[in-house]
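The sequence shown begins at 3 in my numbering and counts up by one. Glycine residues also receive a C-beta, built at the ideal position from the N, C-alpha and C atoms. Step one of this worksheet: look at the structure below.
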Amino acid sequence: MFSWFRRRRSAPTEARRLRSREELSESAKVDLAELAPGVIPYLGLVAYLELEVYQATSRAAADAPDLVAKEILSNAAGMALNKHQEFAAEIRRRHREPAVVMQPYAAAIDRFVDRVTPANWNELLLLVYLCGGLFDDFFSQLARGVTDPFGDTAAEILSGESGRAGVATLLERAIRENPRTGDRLALWGRRLVGDSLLVARASLVLSDNEVNDEKKIEPVFTELISTHIKRMDGLGLTA
3 MFSWFRRRRS APTEARRLRS REELSESAKV DLAELAPGVI PYLGLVAYLE
53 LEVYQATSRA AADAPDLVAK EILSNAAGMA LNKHQEFAAE IRRRHREPAV
103 VMQPYAAAID RFVDRVTPAN WNELLLLVYL CGGLFDDFFS QLARGVTDPF
153 GDTAAEILSG ESGRAGVATL LERAIRENPR TGDRLALWGR RLVGDSLLVA
203 RASLVLSDNE VNDEKKIEPV FTELISTHIK RMDGLGLTA
């Protein structure tokens, strides 16, 4: 497993106990603040991820079998591109070049993209829907921990309209027309979430205290997986 950031911080550990959903949600907010990277690395990483989401959604639009699907996916691609452009503009406002700031994360994200290469159009749709949603969820939360005034703005951008509700309707239509498609997509969805969580984890600033790190990461990823399950359930797929 790779990691972009590492900061050595030792801290005493406590005995583990099961926590309620409310405790997990509140703890996720606190722990992300302790694990967030600096603002420039954050901007570069998210800008590149949004660029990849845009490219994947554009490919889906180009291969769409009808005009309804093409319009839905073009709309979603435009929204992902807008998010990328907002992060790129913020990088420029800080007198940096987006390509330079994004470069350290390109190789690892490109490897992620290669690992999750879809076999067909429906798998590409699910990738756009699940991975795009998970990354927006995670990095909007992580933004709250970035020690910079832009953190709140970043969270608002990533929590904004994505057009993925339309992508969900296309997936629902495909599953309805051929129920066997649902079985294949359920397996694909399980693979996507695992690889996506590795990317999310790599963006956290970890210490030399693995036990303490895991305590902080647990509520964050519990919440992400819960939201992923809801997305899968909404499509009628088993997570």
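Extent of the continuous alpha helix (DSSP H) run through residue i
i	result
residue 162	First-last for residue 162: undefined, no H or E at that position.
residue 40	Here residue 40 belongs to no alpha helix (DSSP H), and DSSP marks it neither H nor E.
residue 80	69-95
residue 239	Premise fails: residue 239 is in no alpha helix (DSSP H) and is neither H nor E.
residue 136	123-145
residue 148	Neither: residue 148 is in no alpha helix (DSSP H) and is coded neither H nor E.
residue 108	100-117
residue 181	181-204
Residue from the options with nearest C-alpha to residue i
i	options	result
residue 239	176, 225, 197	176
residue 42	181, 165, 99	99
residue 120	150, 190, 178, 151	190
residue 122	85, 62, 178	62
residue 219	111, 229, 203	203
residue 82	161, 35, 193	161
residue 34	72, 212, 146	146
residue 108	184, 217, 54	54
residue 113	51, 181, 96, 217	51
residue 232	110, 37, 188	188
residue 261	117, 234, 106, 217	This structure cannot settle anything about residue 261, because the visible part of the chain is limited to 3 through 241.
Cutoff 6 Å; reference residue i; Cβ partners in own chain excluding five residues on either side
i	result
residue 168	74
residue 198	133, 136
residue 159	85, 88
residue 60	79
residue 164	81
residue 65	123
residue 48	89, 141
Where residue i falls, given that 16 or more other Cβ within 10 Å makes a residue buried
i	result
residue 215	buried
residue 102	exposed
residue 125	buried
residue 236	exposed
residue 46	buried
residue 226	buried
residue 196	exposed
residue 69	exposed
residue 221	buried
residue 228	exposed
residue 179	exposed
residue 212	exposed
residue 90	buried
residue 96	exposed
residue 138	buried
residue 193	exposed
residue 143	buried
Same chain only: Cβ atoms within 8 Å of residue i, ignoring 5 sequence neighbours per side
i	result
residue 171	74
residue 166	78, 130, 131, 134, 135
residue 223	199, 202, 203
residue 183	124, 176, 177
7 Å Cβ shell around residue i - same chain, five flanking residues per side excluded
i	result
residue 150	41
residue 230	132, 136, 195, 241
residue 127	62, 169, 172, 173
residue 157	142, 145, 146
Presumed contact (8 Å Cβ cut-off) between residue i and residue j, rounded CB distance
i	j	result
residue 148	residue 44	5 Å
residue 201	residue 93	Not quite, the Cβ-Cβ distance comes to about 20 Å (not below 8 Å), so this is no contact.
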